[in-house]
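Worksheet: the structure to be examined is printed underneath.
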Amino acid sequence: MRTRLTLLLGGLAVAIAQMSFAQDARMRLPTTVEAGSAFSIQSAGNGQATLYIVGLGQVLKRDVQLGESASFLAGSLTSAGHYLVVLAGTSTTQNGSFDVVSAHKPANLSFLAKPSRLPVGLHDGITGAVYVFDGYHNLIAAPTSISFELASPSGTLQKRLVITRNGAAWTVMDSTAQQGIDKFVARVDDLYSTRIVAQVPGDPCGLKMTAQQAGQQVRLVTDPVRDCSGNAVPDGTVVTFTENYNGAQSTVDEPLKNGIAEVEMSAHSGAAFSVASGIVMGNQIRWEK
Amino acid sequence: MLKSLLILTAFFATSSGIAFAQATVHVEPMNLQGPRSLPEETGRAAIRDYLQSWQSLSAAFEQNRTSLLDPDFVGIAKDKLTETIQQQAALGIRTHYTDRTHDIQILFYSPEGLSIELLDTVEYDVQVIDKDRVKTTQHVRARYLIIVTPAELRWRVRVFQAEPE
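Line by line, the protein sequences give chains A and B.
This note's numbering runs 123 ahead of the 1-based position in the first sequence.
This note's numbering runs 24 ahead of the 1-based position in the second sequence.
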């Protein structure tokens with residue numbers, strides 16, 4: 124019974140002690156410290172003690188004189204987060220806590236742009252997302268104005284101004300009508316990050332071929348193949364020629380070379396020739412000798 | 025959303041360890057910014073992996089073993105936590121973190137799908153141990169911003185930062 128009572132009283136004493144630690148008014152602490160800034164902690168009492176500043180981002184330990192101010196130089200605490208302060212003397216312990224917040228000035232942008240290559244003329248085809256960090260790699264949660272700019276070689280500029288929320292900002296842009304290499308820039312003041320976005324021609328548009336006799340064969344040749352914005356479709360794009368004659372069908376796939384595709388097929392009188400590229404159909408020609 | 029919460033709770037109840045069972049987890053309704061919708065299963069996986077990271081963190085800080093961070097942390101978060109553990113070891117300090125409650129909100133799913141930002145109002149206990157003597161035990165309530173990014177098999181914590189409430 125005596126043991127139980129002792130344990131109970133002991134537990135109560137610990138609980139009271141911890142409660143008083145949590146409400147300790149003997150230390151004067153900053154509420155917040157900007158990452159990398161100097162700060163000081165004022166303690167009460169006298170004698171020697173050990174000061175601990177403990178967080179998930181950093182840990183400091185220092186011998187101090189109670190009743191004096193412990194000063195920490197700029198650069199002592201650089202990692203944003205919540206820090207406990209423990210001042211352990213020979214007979215007493217003082218507790219407190221404060222926050223280290225990110226520096227105000229952005230120093231790093233983590234900029235993700237996607238895709239790196241896409242067809243021209245896509246509405247909302249390009250996305251960009253940014254996280255903003257200070258010089259100590261802390262996420263800057265305070266609202267920050269980000270300028271997103273997408274510049275095409277023709278001089279077209281799309282610009283969006285976005286305010287970060289919890290350190291993040293995003294935007295959506297259209298790919299322009301002209302093929303080429305675009306620069307996608309995220310900017311805060313004089314800090315910027317650039318990504319390259321290649322805009323390639325879209326699907327062929329208005330695919331057209333002509334036919335002419337070539338010995339016993341008929342030669343089918345496309346006009347220069349272009350997308351709907353007039354950009355040349357790249358060489359290597361496959362064009363499919365089809366001949367239908369007397370219920371039989373034969374097809375030939377040919378890649379574009381120098382912007383056109385050509386092929387020779389059997390010249391049957393009454394045959395029907397068609398051309399296509401992917402899902403895009405071109406014209407049809409009925410061959411009569 | 026209630027359904028999501030129930031599913032999440034059920035998931036933790038069935039597949040988590042004892043340490044998970046100690047923490048109470050509440051997931052707030054999604055209030056996403058960004059053009060991309062977040063599939064429910066993806067959100068659940070990100071939160072599950074984030075919560076798991078507290079167990080790694082706790083073990084790593086208690087044992088001063090940075091390698092325990094490897095499965096769950098990457099990038100800035102891993103670098104900072106690793107450095108802190110090295111500081112602890114050099115000073116002869118250990119810390120014991122025990123998470124008690126999590127109140128989590130998914131804030132942002134980046135358009136390209138390569139990051140999710142979470143906000144966690146977390147309550148945890150911290151014990152500071154210097155040369156095997158407990159110097160203090162404190163209960164903390166803090167607001168954490170977390171960015172997780174996908175790895176081969178799981179989401180890993182890339183940014184892990186407490187902010188003033």
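Note that the Cβ used here is the ideal one computed from N, Cα and C, for glycine as well.
In this text the structure is predicted, and so the values were computed from the model without any measurement.
For the region 94-125 of chain B, the beta-carbon criterion of a distance under 7 Å to any beta-carbon of chain A is satisfied by Ile100, Lys104, Leu105, Thr108, Gln111, Gln112, Leu115, Ile117 and Thr119.
Per DSSP, the unbroken alpha helix (DSSP H) holding Tyr74/B starts and ends at Glu64 to Gln87.
For Ile109/B, the enclosing alpha helix (DSSP H) stretches over residues Gly99 to Leu115. Proximity of Leu75/B to chain A, defined by a Cβ-Cβ separation below 8 Å, is not satisfied. DSSP places Ser400/A within a strand segment (E or B) once states are collapsed to three.
Contact of Asp222/A with chain B is assigned, a C-beta pair being separated by under 8 Å. Residue burial annotation: Asn169/A is exposed, with fewer than 16 other C-beta atoms found within 10 angstroms of its C-beta.
Residues of the region 134-150 of chain B with a Cβ closer than 8 Å to any Cβ of chain A, in chain order: Ser134, Pro135, Glu136, Leu138, Ser139, Glu141, Leu143 and Val150. Listed along chain B, the residues sitting closer than 7 Å to Ser202/A by beta-carbon distance are Lys104. Short of 6 Å from the beta carbon of Ser277/A, and not among the five residues preceding or following it, lie these beta carbons of its own chain, in chain order: Gln301.
In this structure, Asp186/A is the residue among Val182/A, Asp186/A, Ser163/A and Leu179/A with its C-alpha nearest to the C-alpha of Ala172/A.
Check the Cα spacing between Glu147/B and each of Thr125/B, Ile153/B and Gly58/B: the tightest is with Thr125/B. The Cβ of Glu65/B sits no closer than 8 Å to any Cβ of chain A.
Proximity of the region 226-239 of chain A to the region 102-121 of chain B falls short of the contact definition, fewer than three beta-carbon pairs being nearer than 8 Å. Distance from the CA of Ala395/A to the CA of Glu141/B, rounded to the nearest whole angstrom, comes to 59 Å. Excluding five sequence positions before and after Ala101/B, the CB atoms of its chain that fall closer than 7 Å to its own CB belong to Val181, Arg182, Val183 and Phe184, given in chain order.
Taking a cut-off of 8 Å on C-beta distances, the region 89-99 of chain B does not touch the region 128-137 of chain B, as fewer than three cross pairs fall below it.
Leu379/A places its beta carbon 8 Å or farther from that of Val344/A. The C-beta of Arg151/A has fewer than 16 other C-beta atoms within 10 Å across all chains shown, which makes the residue exposed. For the 8 Å CB-CB criterion, Gly244/A and Gly325/A form a contact. The Cβ atoms of Gln322/A and Leu241/A lie closer than 8 Å to each other.
Between the region 151-162 of chain A and the region 187-206 of chain A there are three or more inter-stretch CB-CB distances shorter than 8 Å, so the stretches are counted as touching.
At least one beta carbon of chain B lies nearer than 8 Å to the beta carbon of Thr216/A. Residue state for Thr90/B is assigned as helix, using DSSP reduced to three classes. Below the 7 Å Cβ cutoff, chain A contributes Thr155, Asp222 and Val224 as neighbours of Pro188/B, in chain order.
DSSP, reduced to helix, strand and coil, places Gln339/A outside both helices and strands of the structure shown, so it counts as coil. Counting every other CB atom within 10 Å of its CB across the protein chains shown gives Val398/A a total of 16 or more, marking it as buried.
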